[in-house]
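**Q**
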Ligand SMILES: O=C(O)CCC(=O)C(=O)O
Ligand SMILES: [Fe+2]
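In my numbering, the protein residues as written are 132 to 511.
(1) Counting along the chain, where does the beta strand (DSSP E) carrying residue 275 start and finish?
(2) What residue from 377, 309, 275, 312 has the CA that sits closest to residue 303's CA?
(3) Compare the beta carbon distance of residue 201 and residue 280 with 8 Å and say whether it is the shorter of the two.
(4) Give me the Cα-Cα distance between residue 440 and residue 489, rounded to the nearest whole angstrom.
(5) Flag residue 445 as yes when its Cβ comes closer than 7 Å to any non-hydrogen atom of ligand 1, and as no otherwise.
(6) Go through its chain and collect everything with a Cβ distance to residue 217's Cβ below 8 Å, but skip five positions before and after it.
(7) Helix, strand or coil, according to DSSP, for residue 450 in the structure here?
(8) Based on the DSSP secondary-structure assignment, which residues constitute the bridge partners of residue 399?
(9) Within the present structure, is the beta-carbon of residue 455 separated from the nearest heavy atom of ligand 1 by less than 7 Å?
(10) State buried or exposed for residue 463, treating a residue as buried only when at least 16 other CB atoms are found within 10 Å of its CB.
(11) By Cβ distance below 7 Å, which residues in the same chain neighbour residue 500 in space, the five residues on each side in sequence not counted?
(12) Note the first and the last residue of the continuous alpha helix (DSSP H) segment covering residue 202.
(13) Would the beta-carbon of residue 460 be found less than 7 Å away from any heavy atom of ligand 1?
(14) Count the other CB atoms, across all protein chains shown, that sit within 10 Å of the CB of residue 430; report buried if there are 16 or more and exposed otherwise.
(15) Rounded to whole angstroms, how far is the Cβ of residue 436 from the Cβ of residue 226, which I believe are closer than 8 Å?
(16) For the alpha helix (DSSP H) containing residue 478, name the first residue and the last one.
(17) Let me make sure I understand the geometry here. Which of 220, 472, 207, 364 has the alpha-carbon closest to that of residue 127?
(18) Assuming residue 495 and residue 386 make a contact with CB atoms under 8 Å, what is their CB distance in whole Å?
(19) Let's see if you can read the secondary structure: which residues bound the alpha helix (DSSP H) around residue 365?
(20) Nearest to residue 438 by alpha carbon, out of 262, 195, 204, 271?
(21) State the beta-bridge partners of residue 338 as determined by DSSP.
(22) Which word fits residue 210, buried or exposed, when buried means at least 16 other C-beta atoms lie within 10 angstroms of its C-beta?
(23) Determine the direct distance from the alpha carbon of residue 324 to that of residue 497, and round the result to whole angstroms.
(24) Please state whether the Cβ-Cβ distance between residue 465 and residue 272 is less than 8 Å.
(25) Grab the span of the beta strand (DSSP E) containing residue 485 for me, first residue to last.
(26) Round the Cβ separation of residue 282 and residue 472 to the nearest angstrom and send it over; I've been treating them as touching at under 8 Å.
(27) Let me check one thing: in DSSP terms, what residues is residue 234 bridge-paired to?
(28) What is the DSSP secondary structure of residue 281, counted as helix, strand or coil?
(29) Select from 377, 400, 337, 349 the residue whose C-alpha is nearest the C-alpha of residue 286.
(30) Return helix, strand or coil for residue 249, following the three-state DSSP convention.
(31) Pick helix, strand or coil for residue 421, following the three-state DSSP scheme.
(32) Between the Cα of residue 334 and those of 478, 474, 491, spot the shortest distance and give me the residue it belongs to.
(33) Shortest alpha-carbon distance to residue 247 belongs to which of 336, 215, 235, 457?
(34) Going by DSSP, what residue range makes up the alpha helix (DSSP H) through residue 408?
(35) With three or more C-beta pairs closer than 8 Å as the rule, is the stretch 402 to 415 touching the stretch 359 to 373?
(36) Going straight from the alpha carbon of residue 278 to that of residue 316, what length do you get?
Structural data, given as structure tokens:
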């Protein structure tokens with residue numbers, strides 16, 4: 132079908148939230164006054180059909196291009212590609228934007244090609260999952276993690292800290308056990324250990340025992356969180372920092388817009404568990420802005436995936452590109468998880484940073500710390 136001639140104005144750059152009259156917007160904006168950061172900017176692709184409504188209606192060739200792009204990215208996550216097949220892997224997406232179950236690997240004995248493809252999928256999908264790995268020993272769990280990165284203790288590089296629930300004979304394995312007598316779930320949005328200036332790169336969590344119902348883990352896409360902010364707000368936040376802390380003991384200043392060291396993509400790096408304030412703002416303004424960010428971040432199910440655990444299921448996540456929340460709806464059932472923590476082997480990439488337009492990195496700064504965090508890996 133030949134393309135219809137399209138009036139020039141449809142090719143104006145979109146996305147700057149230009150008002151088209153006081154209350155009418157057609158660019159994906161939901162709520163709020165124009166040219167402020169109040170409201171919710173629904174950038175593609177998460178909102179898909181809702182995105183760019185004006186052009187969707189007015190420009191059929193644009194619509195078919197959007198549809199084609201989305202279909203081809205769906206096909207890639209629904210069907211995989213040659214490199215995955217060659218490694219003997221297939222994938223099962225969990226949602227269009229984030230997460231994928233990887234089939235065809237025994238994590239006790241993965242091939243080099245599989246390790247390479249798993250890492251590639253982790254970078255693309257932010258979190259990946261495996262089923263039926265309950266046969267692995269703790270040594271094999273640790274060895275699998277070592278194929279990708281250094282292995283830390285529960286909090287990454289630090290030595291075992293108070294409250295660290297590692298196994299006595301395997302300090303690298305963090306126990307997250309809950310049952311009727313010991314209710315527990317990390318039921319709050321976070322990425323791990325952001326009270327440190329060396330937050331761990333990611334984790335590999337194995338279910339040794341899952342509840343018959345409940346106890347899912349939800350993951351949210353931090354790139355999408357950043358991308359969906361209003362450009363006015365992005366402009367305000369980029370280059371700014373937030374103070375994260377833990378029980379008054381450790382305080383660190385992290386970029387709010389964090390650049391991923393491997394993908395170069397920008398992620399929104401604040402969370403309601405460890406972020407205390409935005410640097411340089413009056414406390415009330417900082418609290419209001421953080422509340423607004425959290426409202427935007429956690430009110431968009433399109434940016435999440437939800438994983439239902441079975442015995443032997445495994446999740447591997449990237450703390451630089453997603454957050455997680457363990458749903459605490461399974462008590463009094465037993466849920467027994469074991470986690471091995473990944474630490475970036477590159478000291479340069481380990482500390483979070485924001486890269487400005489010239490590529491210069493602006494790193495996080497530790498303000499106060501109770502513990503020595505330069506503990507070398509390879510402790511006894
Ligand atoms: O129990 C879970 O599903 C996740 C727990 C958690 O937050 C973690 O292991 O970092
Ligand atoms: Fe966590």
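Using N, Cα and C, we set each Cβ at its ideal position, and we do this for glycine too. Note that the structure is predicted; figures quoted are calculated from it, not measured.
**A** Checking against the coordinates, here is how it stands:
(1) Position 144 of the chain shown holds residue 275. Where residue 275 is concerned, there is no enclosing beta strand (DSSP E), although the alpha helix (DSSP H) around it starts and stops at 269 to 277.
(2) The residue labelled residue 303 in the question sits at position 172 within the chain shown. Minimum Cα-Cα distance from residue 303 among the listed residues 377, 309, 275, 312 corresponds to 275.
(3) The sequence position of residue 201 within the chain shown is 70, counting from 1. The sequence position of residue 280 within the chain shown is 149, counting from 1. No, they are not a contact pair.
(4) On the chain shown, residue 440 is found 309 positions in, with the first residue counted as 1. On the chain shown, residue 489 is found 358 positions in, with the first residue counted as 1. Straight through space, the alpha carbons of residue 489 and residue 440 are spaced by roughly 43 Å.
(5) As a first step, residue 445 must be located in the chain shown, where it is residue number 314. False, no ligand heavy atom lies under 7 Å from that Cβ.
(6) Here residue 217 refers to the residue found at position 86 of the chain shown. Contacts found: 244.
(7) In the chain shown, residue 450 corresponds to position 319, counting from 1. The DSSP-derived three-state label of residue 450 is coil.
(8) As a first step, residue 399 must be located in the chain shown, where it is residue number 268. BP columns for residue 399 point to 388.
(9) Taking the first residue of the chain shown as 1, we reach residue 455 at position 324. Checking the Cβ of residue 455 against ligand 1 gives yes.
(10) The sequence position of residue 463 within the chain shown is 332, counting from 1. By the neighbour-count rule (16 or more Cβ atoms within 10 Å), residue 463 is not buried but exposed.
(11) Residue mapping note: residue 500 aligns to position 369 of the chain shown, counting from 1. Correct list, in chain order: 381.
(12) For the purposes of this step, residue 202 is taken as the residue at position 71 of the chain shown. First-last of the alpha helix (DSSP H) with residue 202: 191 to 210.
(13) On the chain shown, position 329 is the one that residue 460 refers to. It does not: the Cβ of residue 460 is nowhere closer than 7 Å to a heavy atom of ligand 1.
(14) Numbered from its first residue, the chain shown carries residue 430 at position 299. Result: exposed.
(15) Working through the chain shown from its first residue, we reach residue 436 at position 305. Working through the chain shown from its first residue, we reach residue 226 at position 95. Right, the Cβ-Cβ distance comes to about 4 Å (below 8 Å), so this counts as a contact.
(16) By 1-based counting over the chain shown, the position of residue 478 is 347. From DSSP, the alpha helix (DSSP H) with residue 478 extends over 478 to 481.
(17) It is not possible to answer for residue 127, since the shown part of the chain is limited to 132 through 511.
(18) In the chain shown, the residue the question calls residue 495 occupies position 364. In the chain shown, the residue the question calls residue 386 occupies position 255. Between residue 386 and residue 495 the Cβ distance is about 7 Å, and since that is below 8 Å, they are a contact.
(19) Sequence index remark: in the chain shown, residue 365 carries index 234 (1-based). Residue 365 -> alpha helix (DSSP H) spans 362 to 368.
(20) Translated into positions along the chain shown, residue 438 becomes position 307. Closest by alpha carbon: 262.
(21) Here residue 338 refers to the residue found at position 207 of the chain shown. DSSP, once it has assigned bridges, lists 468 as partnering residue 338.
(22) Numbered from 1 along the chain shown, position 79 holds the residue referred to as residue 210. So residue 210 ends up on the exposed side.
(23) Stepping through the chain shown from its first residue, residue 497 is reached at position 366. Stepping through the chain shown from its first residue, residue 324 is reached at position 193. Cα to Cα, the separation comes out at about 13 Å.
(24) Residue numbering aside, residue 465 sits at position 334 when the chain shown is read from its first letter. Residue numbering aside, residue 272 sits at position 141 when the chain shown is read from its first letter. In this structure, residue 272 does not lie closer than 8 Å to residue 465 by Cβ.
(25) Mapped onto the chain shown, residue 485 falls at position 354. Note, residue 485: beta strand (DSSP E), 484 to 486.
(26) For the purposes of this step, residue 282 is taken as residue 151 along the chain shown, with counting starting at 1. For the purposes of this step, residue 472 is taken as residue 341 along the chain shown, with counting starting at 1. Confirmed, about 7 Å.
(27) The residue labelled residue 234 in the question sits at position 103 within the chain shown. Note: residue 234 sits in a beta bridge opposite 221.
(28) To locate residue 281, count along the chain shown from 1; it is residue 150. Strand, per DSSP.
(29) Your numbering for residue 286 matches position 155 in the chain shown. With distances taken between Cα atoms, residue 286 lies closest to 377.
(30) In the chain shown, residue 249 corresponds to position 118, counting from 1. Three-state DSSP puts residue 249 in a helix.
(31) Along the chain shown, one-based indexing puts residue 421 at 290. In the structure shown, residue 421 sits in a helix (DSSP, three-state: H, G or I).
(32) Residue 334 sits at position 203 when you count from the first residue of the chain shown. Each of 478, 474, 491 was checked against the Cα of residue 334, and the nearest Cα belongs to 474.
(33) Position 116 of the chain shown, counted from the start, is the residue given in the question as residue 247. Comparing Cα positions, the closest option is 215.
(34) Taking the chain shown and counting its residues from 1, one reaches residue 408 at position 277. Here residue 408 belongs to no alpha helix (DSSP H); instead the beta strand (DSSP E) covers 406 to 409.
(35) Counting C-beta pairs closer than 8 Å gives three or more between the stretch 359 to 373 and the stretch 402 to 415, which meets the contact rule.
(36) For the purposes of this step, residue 278 is taken as residue 147 along the chain shown, with counting starting at 1. For the purposes of this step, residue 316 is taken as residue 185 along the chain shown, with counting starting at 1. Between residue 278 and residue 316, the C-alpha separation is close to 28 Å.
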